[in-house]
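K.L.:
Structure provided below as structure tokens; questions to follow.
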Amino acid sequence: MMQGVPQPAFYIFKCQQSAPPGMPKPSCVSQNDPESQQLFQHLAQSLMMKGIIGTVQPIQTGCLNRCQQGPVMLVEPGHTMYVGLTKEKIDRIIDEHIIGGNVVEEYVIPDEMWGEPIPPSQMMAR
2 MMQGVPQPAF YIFKCQQSAP PGMPKPSCVS QNDPESQQLF QHLAQSLMMK GIIGTVQPIQ
62 TGCLNRCQQG PVMLVEPGHT MYVGLTKEKI DRIIDEHIIG GNVVEEYVIP DEMWGEPIPP
122 SQMMAR
């Protein structure tokens with residue numbers, strides 16, 4: 002049996018990018034949306050309360066380049082991008098996707114905004 006800290010089963014990358022006040026660009030953490038400022042803390046606390054933070058690692062990131070759909074977070078493995086987040090949506094994602102194993106399709110970014118990843122080797126060949 003290996004001692005120490007297990008490898009996480011999931012990483013959840015939560016965009017914490019905030020546009021400066023008065024900027025037209027939408028952002029995942031907004032001065033005008035108090036709930037958006039509490040989402041990362043809510044995510045981490047929910048994982049702790051459910052006793053699964055040891056195997057689900059929440060990570061604060063900068064911009065994930067889907068600002069129009071914010072607040073967003075990316076669940077790995079799977080490249081699952083969740084958009085338009087609220088505390089209620091995060092709770093459902095934890096229960097149904099992280100614990101239950103089923104992606105919450107209605108909160109996933111539309112295919113036309115995301116699409117299939119392009120392998121770096123193909124990108125270079127163009």
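Residue numbers 2 to 127, in the working numbering, belong to the letters of the sequence shown in order.
Glycine included, every Cβ here is placed at the ideal spot set by N, Cα and C.
(1) Work out the CA separation of Glu-117 and Leu-40 for me, nearest whole Å.
(2) Is Leu-75 helix, strand or coil when you go by DSSP?
(3) What alpha helix (DSSP H) runs, 4 residues minimum, are completely inside the region 91-126?
(4) Please tell me whether Ile-60 and Ile-110 are closer than 8 Å, where the distance is taken between their beta carbons.
(5) Would you kindly work out how many angstroms separate the C-alpha atoms of Asp-34 and Asp-92, rounded to a whole number?
(6) Are there 16 or more other CB atoms within 10 angstroms of the CB of Pro-15, so buried, or fewer, so exposed?
(7) Checking the sheet assignment: what are the DSSP bridge partners for Val-57?
(8) Tell me, to the nearest whole angstrom, how far the beta carbon of Ser-19 is from that of Gly-71; I am working on the premise that it is less than 8 Å.
(9) Give the single residue among Asn-66, Met-24, His-98 whose Cα lies nearest to the Cα of Gly-79.
(10) Is it the case that the Cβ atoms of Leu-65 and Val-73 are separated by a distance below 8 Å?
(11) Comparing alpha-carbon positions, which option in Lys-51, Ser-31, Pro-120 lies nearest Ile-100?
P.N.:
Let me spell this out:
(1) 27 Å
(2) strand
(3) 112-115, 121-126
(4) no
(5) 19 Å
(6) Correcting the residue type first, residue 15 is Lys in the shown sequence and not Pro. Burial call: buried.
(7) Phe-11
(8) Wrong, their Cβ atoms sit about 10 Å apart, outside the cutoff.
(9) His-98
(10) yes
(11) Lys-51
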